[in-house]
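Report on the structure given below.
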Amino acid sequence: MALPQSKTDATEARIAALQMPEGAAWASEARQSALSRLRAMGLPGPRDEYWRFTNPADFNASAPGAAAPFDHGDEKPVFGDVDRIKLVFRDGVYDTDASDDLTHEGLEIARLADAVSADIHWAKDLYGTIEARSHEPVPRPFAALNTAFATDGIVIRATAKVSKPVSLIYLHEDPTSDVIMHFLVKVEEGADVTVLESGPAAARFNKCMEVDVADNGAFHHVRVQGRDHERRAVTHLFARLGEESTFKSFTLTANGVMTRNEAFIELTGDNAVSHIAGAALGDGRFHHDDTVFVTHDAVNCESRQVFKKVLRNGAVGAFQGKILVKEGAQKTDGYQISQSLLLDEDAQFLAKPELEIYADDVACSHGSTSGAIDETALFYLRSRGLEKGDAQDLLVLAFVAEAIDEIESEALADDILSRLEGWLTRHRAA
Amino acid sequence: MLEIKNLHVKLEEEDKEILKGVDLSVPAGSVHAIMGPNGSGKSTLSYVLSGRDGYDVTDGAATLEGEDVLELEPEERAAAGLFLAFQYPVEIPGVGNMTFLRTAVNAQRKARGEEELSAADFLKLIREKAKDLKIDADMLKRPVNVGFSGGEKKRNEILQMAVLEPKMCILDETDSGLDVDAMKLVADGVNALRDAGRSFLVITHYQRLLDHIRPDVVHIMADGKIVKTGGPELALEVEHNGYADILAEVA
Ligand SMILES: Nc1ncnc2c1ncn2[C@@H]1O[C@H](COP(=O)(O)OP(=O)(O)OP(=O)(O)O)[C@@H](O)[C@H]1O
Ligand SMILES: [Mg+2]
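Next up, the structure:
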């Protein structure tokens, strides 16, 4: 189907402003085919089905608006107490000096630029492949754009159970940086790896992560997006899960004028487990969109989607989530919950929860709610001596708890919790 | 301890007067009971005293040890020593009972300028009090009142009271929904706290609780007012004859 001329023009204008990096023949091919995908679907418009809640204009623009880097003062860095392998990017450029050594038992880690320059590399079978499968029935043009134009990133192959997390640290220094990064994580049979992400990365950040978890493998992911108020981010998390494999992802988002986090997870092996969760905190100019598609294409798999948003003062949250159970995916256990806590009457939550089921022996449930602080509970807590602000924070934390509970590591969960508490204290109603 | 004078209260939302001139004086060290027909305003009185939103005090005053409590925030009233055991204890999903209690104890201590309890000291305190009320460790770990039976919720209220050691304890129908043994536990909990410096206002429909917690004074509330005040025998009269005679007599 031909695109409307306006879409073609917008897409071509966006492409014209970008430069495709050099690489090995296979990589250029992958990028070219991603570019064709992008041209075929075009950039999204506000009337496209999955862009009704979130205006894509910020991501369509050929250059981003300025975003001042957030001043963290003397706050402890995110995951600062966690023993981890640190890989640092400054405005999207890998900083070798600031990063730890890449050699680590059970892991093969390389810069994307190096991986895509090698004629023979395992990355060939993964780069752009899950992304390419993700556009039916919903196109994800910014992911295709990412595959075509990503300039840096990291590729990780886990071949054993690795306890030390790989920590991707995205520093943002240049107020107008526009960054496109692509990450690959290949978890081999029986291997286990944890990937952490933290920081804003840029004024505008387009990030893709493709995760391939082989049979019996496990992938753990905890992400904290940067707190710059004006930053924009469109991210895609793609995953393909083998038999008996585990995928667990949690994202904390506080601040940011525009964030769209998409996930596309395919459970392709029997008995696989996928849990994806997120907590978003917005006060004022904040728009956060979680668009999550989980596809069950095997027997006896379990999936959970747990998304919580705390909004005030004009902040907007959106959730679009789908559980698709394909024919034959019997004994599927699917759960989806998306909830918002509106701390005042100016905040807004938009939700589109969906179930699409083509198997008959499944148990799937979904729910979406939007509500205010429970005044009765607030009074109960205050009547026991808790100050109003503390009582309210306790109720907010209780609301978010179900999402935090999805983080398996206690140390990581504690770190997230302390970030949440800090944010709540700083953003108390006057 | 607690002095209530000519208290008039109406609902904020609608022009409906609920308390129509309540006069009540509970001296330090005494136990007073309030009985009265459904809807007479007993819970409203307890809510107004503890500072719940939604009520307008149109006239009168209430003081706790001489301090005007109606001017205070709910948490300030708690720190001043006021405690309400709720008729309907509130479920708070996601907040652990232990965390809640510890936060409450330390918030009150902080407000009074006292040192916070250490985790170990708190644990010791809570274990001891919970044991007396036959509240098991599992109940302490669960979210506040979530999935608790009616009787467990009431015992949990008394546990909070025992841990917080308030000066003025208002118990709103803490006996309803309790089996005979639990009633005894709750009464023992209350009696253990009886002290020259502590007062109780026990709202109840039944004489039975008052067999265990011997009140000094019994008040009858009807249509937003205290209509009759007497000794423990008044409760027995209500138990046997209901309210009709009393109401007819004061009408
Ligand atoms: N928020 C409210 N909105 C409307 N009516 C109210 C409200 N609060 C109290 N009332 C009314 O005020 C009256 C007194 O209620 P209250 O709960 O104080 O009675 P009570 O004496 O505690 O009764 P019970 O013995 O049944 O517990 C009742 O008629 C009740 O319906
Ligand atoms: Mg009542």
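Heads up: the protein sequence lines correspond to chains Y and F, in order.
First residue of the first sequence? That's 16 in our numbering, and the numbers climb one at a time after it.
First residue of the second sequence? That's 302 in our numbering, and the numbers climb one at a time after it.
Virtual Cβ for every residue (Gly too), placed ideally from N, Cα, C.
Cβ shell of residue i (< 6 Å), same chain only, five flanking positions each side left out
{"i": "P394 (chain F)", "result": "P444, V447"}
{"i": "I305 (chain F)", "result": "V323, L325, A363"}
{"i": "I124 (chain Y)", "result": "L117, I171"}
{"i": "D408 (chain Y)", "result": "L439"}
{"i": "T209 (chain Y)", "result": "P180, H235"}
{"i": "T1 (chain Y)", "result": "Residue 1 (chain Y) lies beyond the stretch modelled for chain Y, which goes from 16 to 445, so this question has no answer here."}
{"i": "V377 (chain Y)", "result": "V340, T347"}
{"i": "D227 (chain Y)", "result": "L141, K201, R255"}
{"i": "M224 (chain Y)", "result": "F198, L252"}
{"i": "V370 (chain F)", "result": "A363, R378"}
{"i": "G355 (chain F)", "result": "E313"}
{"i": "K176 (chain Y)", "result": "D207"}
{"i": "K343 (chain F)", "result": "I335, G337, I504, M522"}
{"i": "A278 (chain Y)", "result": "L252, I291, V307"}
Strand pairing of residue i, partner residues [DSSP]
{"i": "Q354 (chain Y)", "result": "Y:K323, Y:T384"}
{"i": "Y109 (chain Y)", "result": "Y:F104"}
{"i": "H119 (chain Y)", "result": "Y:L122"}
{"i": "D227 (chain Y)", "result": "Y:K201, Y:R255"}
{"i": "G297 (chain Y)", "result": "Y:L326"}
{"i": "T279 (chain Y)", "result": "Residue 279 (chain Y) is actually Phe in this sequence, not Thr. Answer by DSSP bridge pairing, in chain order: Y:F253, Y:F308."}
{"i": "V170 (chain Y)", "result": "Y:A125, Y:L199"}
{"i": "Y185 (chain Y)", "result": "Y:F104"}
{"i": "L320 (chain F)", "result": "F:V310"}
{"i": "R219 (chain Y)", "result": "Y:D193, Y:R247"}
{"i": "D207 (chain Y)", "result": "Y:K176, Y:A233"}
{"i": "A523 (chain F)", "result": "F:K526"}
{"i": "Q388 (chain F)", "result": "Answer is none; Q388 (chain F) lacks a bridge partner."}
7 Å Cβ shell around residue i - same chain, five flanking residues per side excluded
{"i": "R52 (chain Y)", "result": "A147, H150, A159"}
{"i": "C379 (chain Y)", "result": "I338, V340, T347, G349, L370, I372"}
{"i": "E423 (chain Y)", "result": "H235, K263"}
{"i": "N286 (chain Y)", "result": "E258, E259, N315, C316"}
{"i": "R456 (chain F)", "result": "L434, I436, A483, L486, V487"}
{"i": "T69 (chain Y)", "result": "R275, H302, D304, A333"}
{"i": "G299 (chain Y)", "result": "N328, G329, A330"}
{"i": "K430 (chain F)", "result": "L460, A463, V464"}
{"i": "R443 (chain Y)", "result": "G404"}
{"i": "A39 (chain Y)", "result": "V131, S132, A133, D134"}
Exposure of residue i, with buried meaning 16 or more beta-carbon neighbours within 10 Å
{"i": "P152 (chain Y)", "result": "exposed"}
{"i": "R441 (chain Y)", "result": "exposed"}
{"i": "G481 (chain F)", "result": "Gly is not the amino acid found at residue 481 (chain F); the sequence shown has Val there. Its Cβ having fewer than 16 others within 10 Å, V481 (chain F) is exposed."}
{"i": "S192 (chain Y)", "result": "buried"}
{"i": "Q409 (chain F)", "result": "buried"}
{"i": "A536 (chain F)", "result": "buried"}
{"i": "I547 (chain F)", "result": "buried"}
{"i": "Q320 (chain Y)", "result": "buried"}
{"i": "H311 (chain Y)", "result": "buried"}
{"i": "E458 (chain F)", "result": "buried"}
{"i": "A83 (chain Y)", "result": "exposed"}
{"i": "R238 (chain Y)", "result": "buried"}
{"i": "S450 (chain F)", "result": "exposed"}
{"i": "K222 (chain Y)", "result": "buried"}
Contact set for residue i: own chain, Cβ-Cβ below 8 Å, skip 5 residues either direction
{"i": "F414 (chain Y)", "result": "K323, V325, Q354, L356"}
{"i": "D357 (chain F)", "result": "V310, K311, L312, E313"}
{"i": "S48 (chain Y)", "result": "G143, A147"}
{"i": "V396 (chain F)", "result": "P444, V445"}
Would you call the segment 484 to 493 of chain F in contact with the segment 309 to 323 of chain F, where contact means no fewer than 3 C-beta pairs closer than 8 Å? Per the Cβ contact rule, the segment 484 to 493 of chain F is not in contact with the segment 309 to 323 of chain F (fewer than 3 Cβ pairs under 8 Å).
Mind listing which residues of the segment 268 to 280 of chain Y have their C-beta closer than 8 Å to chain F's C-betas, in chain order? Answer set for the segment 268 to 280 of chain Y: empty.
Can you find at least 3 beta carbon pairs, one from the segment 234 to 245 of chain Y and one from the segment 270 to 277 of chain Y, that sit closer than 8 Å? yes
Inspect the CB distances between the segment 389 to 398 of chain Y and the segment 51 to 66 of chain Y and report whether three or more fall short of 8 Å. no
Short-range partners of chain F found in the segment 140 to 152 of chain Y, where Cβ spacing is below 9 Å: Within the segment 140 to 152 of chain Y, not one residue has a Cβ closer than 9 Å to any Cβ of chain F.
So if I threshold CB-CB distances at 7 Å, which residues from the segment 401 to 432 of chain F count as touching chain Y? Listed in sequence order: T404, A405, A408, Q409, A412.
Listed from N- to C-terminal order along the chain, which residues in the segment 335 to 357 of chain Y have their beta-carbon within a distance smaller than 7 Å of any beta-carbon of chain F? none
To be precise: take each residue of the segment 376 to 392 of chain Y, compare its Cβ to all Cβ atoms of chain F, and keep it if any distance is under 9 Å. Which residues remain? D389, E390, T391, A392
I want to know whether the segment 381 to 389 of chain F touches the segment 455 to 462 of chain F - three or more CB-CB distances under 8 Å. yes
For the segment 395 to 420 of chain Y, which residues have a beta carbon sitting closer than 9 Å to at least one beta carbon of chain F? Y395, L396, R397, S398, R399, G400, L401, E402, K403, D405, A406, L409, L410, L412, A413, F414, V415, A416, E417
Given 8 Å, three or more beta-carbon pairs between the segment 337 to 357 of chain F and the segment 517 to 525 of chain F: yes
Please list the residues of the segment 517 to 544 of chain F that have a C-beta atom closer than 8 Å to any C-beta atom in chain Y, keeping them in chain order. none
Within 8 Å, do at least three Cβ pairs link the segment 378 to 392 of chain Y to the segment 361 to 370 of chain Y? With a cut-off of 8 Å on Cβ pairs, the segment 361 to 370 of chain Y is in contact with the segment 378 to 392 of chain Y, counting three or more such pairs.
Closer than 8 Å, Cβ to Cβ, to anything on chain Y: give me those residues from the segment 350 to 366 of chain F, in chain order. S351, G352, R353, D354
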